[in-house]
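Read the structure below first, then the notes.
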Amino acid sequence: MVRWDGKTYSELPLPPGTKEMHALLLDADGALIADGDMNNDAGAYRFVNNAWAPMGEAMDGMHVDRFVYLSDGTLVCNVARSSYSEAKTALYRWDGNAWKPLKGADVPIKQDVEDLCAGQMDASSS
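Residue numbers (numbering that gives the first Met the number 0): 0 to 125.
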C-alpha cells in the first residue's frame, strides 16, 4: 500500500500482523480505516499519527470484508465468519469504543455476492 503526499508516493505499512487487506475506508476526518489480523481474528485499525491504532478488541471471524458508514454516521462492518466453502458473515457496529455485534444469526452468503444490505424495518399504519 502506498500514499500520495502531493509530490511523491511512499510506502504505508500494513496493520500489525496483517499479510493481506480486505477492507479500507476513509473516515469523516480523512483517516484511513483498515482491516487487520488480531490474534487470528478480524480486527480494525485506524491510521493515526503515522501509525496503526487498534479500534477496540478483535471481532469473531476471519477478516473484515467491508466497512460502511450508514446515513446516520454509524460505522458498520461485515466480518467473514467461516471458510470460503461455507461463507457466512456477521455484522458489527462501532460505538466509538468497541465493535458490537448486531442482533441476528450469521448470514449465509454466496461467494459471488458483491453487495450486502442489512437494516431494521418498522411497520407503521396511518
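C-beta atoms are modelled at their ideal positions from N, C-alpha and C, and glycine is treated no differently.
Contact check, residue i vs residue j, beta carbons under 7 angstroms
i   : j   : result
A27 : F66 : no
P12 : Y44 : no
L74 : W93 : yes
L69 : N77 : no
Rounded Cβ spacing between residue i and residue j (contact assumed at less than 8 angstroms)
i   : j   : result
M61 : A33 : Contact doesn't hold; Cβ gap of about 15 angstroms is too wide.
Reference residue i; option with closest CA among the options
i    : options            : result
R2   : G29, D64, D71      : G29
P100 : E10, A57, P14, S70 : A57
D59  : D4, D71, N38, S70  : N38
V47  : D40, D64, L25, V63 : L25
N49  : E19, K102, S9      : S9
Residue i CB to nearest heavy atom of the ligand NAP below 6 angstroms
i   : result
A30 : Questions concerning the ligand NAP fall outside what the structure shown contains, since it holds no ligand whatsoever.
DSSP bridge partner residues for residue i (one or two, in chain order)
i   : result
N77 : R65, L90
L25 : L31
G42 : G35
K99 : R92
E19 : The partner list for E19 (beta bridge, DSSP) is empty, contrary to what the question assumes.
S70 : DSSP, once it has assigned bridges, lists no residue as partnering S70.
E10 : V1
Own chain residues within Cβ distance below 7 angstroms of residue i, not counting five before or after
i   : result
D36 : G16, T17, G42
D40 : A57, M58, D59, G60
Contact set for residue i: own chain, Cβ-Cβ below 6 angstroms, skip 5 residues either direction
i   : result
G95 : none
M54 : A43, R45
M0  : L11
W51 : P14, Y44
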